[in-house]
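In the working numbering, the protein residues as written are -5 to 83. Ideal Cβ placement from N, Cα and C applies to all residues, glycine included. Scroll down for the structure; my scribbles are underneath it.
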Amino acid sequence: FYNGPVAVAMVASQSTLPLLFFSWINQSQTALVNYYNRNACAPMSNETLGISYAAAVGSALVVAFGLATAIQRRLWCFIVAYVLPLKKN
């Protein structure tokens, strides 16, 4: 699988909802590739697969949302500092 279009869509996202959607798509695709590349000789229950998928997707969404929020807040600080510079005495 090639995730180039999904990665471009994540970078080009203008708001949080599309960013989270494309992060979910990207992580789901990665989980699918990892599933097909697994060692099929070693048994794994559906419960373990579900927990692993939920943990991977959940952590990816938390990181995507957290970084997006941090970058937006930091950018806002730079904009405010540029527009309203502190007076030097």
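On the criterion of 16 or more Cβ atoms from any shown chain inside 10 Å, does residue i qualify as buried, or is it exposed?
| i | result |
| --- | --- |
| Q21 | buried |
| V0 | buried |
| A6 | exposed |
My assumption, with CB atoms under 8 Å, is that residue i sits in contact with residue j. Please give the rounded CB distance.
| i | j | result |
| --- | --- | --- |
| L13 | M4 | 6 Å |
| I25 | A50 | Rather than Ile, the amino acid found at residue 25 in this sequence is Ala. Going by Cβ atoms, the distance from A25 to A50 rounds to 6 Å, so yes, they are a contact pair. |
Could you confirm whether any beta carbon from chain B is found closer than 8 Å to the beta carbon of residue i?
| i | result |
| --- | --- |
| G44 | The displayed structure is made up of one protein chain only, and chain B is not part of it. |
Just to confirm my understanding: we take residue i, look at its own chain, exclude 5 residues before and 5 after, and list those with CB closer than 7 Å. What are they?
| i | result |
| --- | --- |
| F59 | T10 and L14 |
Please tell me whether residue i and residue j are closer than 8 Å, where the distance is taken between their beta carbons.
| i | j | result |
| --- | --- | --- |
| L43 | S17 | no |
Who are the near neighbours of residue i in its chain, counting only those whose CB is closer than 6 Å to its CB and skipping five residues on each side?
| i | result |
| --- | --- |
| L69 | none |
Which whole runs of the alpha helix (DSSP H) in the segment 19 to 83 are 4 residues long or more, in chain order?
Fully contained in the segment 19 to 83 are the following alpha helix (DSSP H) runs of length 4 or more, in chain order: 40 to 77.
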